[in-house]
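If you're matching positions, the sequence shown starts at 8 in this note's numbering and goes up one per residue.
Report on the structure given below.
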Amino acid sequence: MQPSVLEQMQPMGHEQVVFCQDPHTGLNAIIAIHNTTLGPSLGGTRLWNYNSHAEALTDALRLSRGMTYKSAISGLNLGGGKAVLIGDASKLKCESYWRRYGKFVNSLNGKYITAEDVNTSSADMEFIGMETKFVTGKPEYMGGSGDPSPLTAYGVYMGMKAAAKKAWGNDGLTGKKILVQGAGNVGQYLMGYLTGEDAKVLVCDINEAKLAQAKQKYPAIEIISNDNIFDREFDIYAPCALGASVNTDSINKMKCPVIAGAANNQLADENVHGPMLVEKGIIYVPDFLINAGGIINISIEIDGYNHDRALNTVAKIYQRTLDIFDLAEKENVHTQLAAMRMAEKRIADISKLRVGI
Ligand code: NAD
């Protein structure tokens, strides 16, 4: 029998899960609030045609927990939350749909702040913003932080340089052979930084149009086939497409010393593949640490957006990555676990501040 919602919330420690539906607009939403110890929960709204409500709930629970870790390790005073909307984006998206959703977000009184995610844009945030102030990722002309991808890519670049320092003793990427898997928003901005430093950038994607667009922007990149990528030799693997690309099969084939990329949930199973990477001597930058540039950028929008402040805050991913390498070595654990411990420690330490004052 399928476990109840409460039974699914308990093992991961979720505080609250809210279900919203509206027959007039076709809205079916799940808002999952994982942890608000550090501050209001913040996380994007994902609109996806899930096969079942159970699958949508699992995604909301998993993603909101990930946001708790991402904000905590990034030093943000934010908790973890995420919303998933169930349905076909091409049929549902319109002003009334987003405003109805905005009313639901508003009913949580700021315990959940929303942002963009898969199939949602800054234009959609503008509609949501007509019904609630608890929305970020609004367009820049509205005082928002706009598209988070450039800052996510900058954070990945910083984390990658830290990993290079660990692997080769200096953080220069000139001449390094780097495979960027996924020529989407983040992947393309990342290519800009890498080609700017004269790295040898290989790029693969399943979407020919994205590859052509990337090649036009950055003629120095080399497009390679998406098949059998791990049969090739390169220095750094930058997963910027989907999750779970670091798995038993890929690790067994991998010849690169460093993994540093933007994708969420890169390790198919962190308990299995974290230790496997250590055994193989591959340096892995934890995904929720290296891809936090977007959430850091958005967090700055809450206080009044300032691009320089966003860039400087995202740049701290460099030192944080080095700190995680040190902690992993000291505690003799894989880097993903070290990063989780550091995030959990910050949440535990800050929760004690609330006692007695
Ligand atoms: P995107 O959708 O713009 O780009 C993803 C690209 O990956 C697309 O071009 C797609 O065709 C390609 N792709 C999909 N499956 C593939 C496969 N099997 N092999 C090769 N290519 C494949 O997404 P994005 O915004 O660039 O985000 C990239 C990744 O980074 C995602 O996992 C996302 O969750 C994560 N991320 C993004 C941000 C952000 O600010 N956009 C922030 C944090 C994490």
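No residue lacks a Cβ here, since even glycine has one placed at the ideal position from N, Cα and C.
Around the C-beta of S48, 16 or more other C-beta atoms lie within 10 Å, and the residue is accordingly described as buried. Following the DSSP letters along the chain, one finds K89 inside the beta strand (DSSP E) bounded by residues 86 to 93. Judged by their CB atoms, V285 and A267 are not nearer to each other than the 8 Å cut-off.
Three or more beta-carbon pairs drawn from the segment 193 to 210 and the segment 227 to 237 are found closer than 8 Å, and the two stretches are therefore classed as touching. Scanning its chain for C-beta atoms nearer than 7 Å, with the 5 sequence neighbours on each side dropped, one finds around K145 the residues S129, M132, E133, G136, G151, in chain order. Spatial neighbours of H280 in its own chain (CB-CB distance under 8 Å, excluding positions within 5 residues in sequence) are listed in chain order as V253, N254, T255, I258, L274.
L186 has its Cβ no nearer than 7 Å to any heavy atom of ligand 1. The DSSP-derived three-state label of R72 is helix.
Within the model, the alpha-carbon separation for G51 versus A122 is close to 4 Å. DSSP places P155 in the coil class of the three-state scheme, outside both helix and strand. Every unbroken stretch of the alpha helix (DSSP H) spanning 4 or more residues and falling wholly within the segment 306 to 339 is given here in chain order: 314 to 322, 324 to 338. A direct Cα-Cα distance of roughly 45 Å separates G20 from K222.
In this structure, the CA atom of K173 is about 8 Å from the CA atom of L329. With a cutoff of 7 Å, T320 does not count as near ligand 1, since its C-beta is closer than that to no heavy atom of the ligand. Using a cutoff of 7 Å, the CB of D256 does not count as near ligand 1, since none of the ligand's heavy atoms is closer than that. For the pair of segments examined, the segment 89 to 99 was found not to touch the segment 152 to 168: the number of CB pairs separated by less than 8 Å stays below three.
The nearest non-hydrogen atom of ligand 1 is 7 Å or more from the C-beta of V208. K323 and G300 have their C-alpha atoms roughly 10 Å apart. In terms of CA proximity to A190, S232 leads the group S232, N56, G288, A169. Inclusion of S156 in the 7 Å shell around ligand 1 follows from its C-beta lying nearer than that to a non-hydrogen atom of the ligand. Checking the 7 Å criterion, the Cβ of L249 is within range of a heavy atom belonging to ligand 1.
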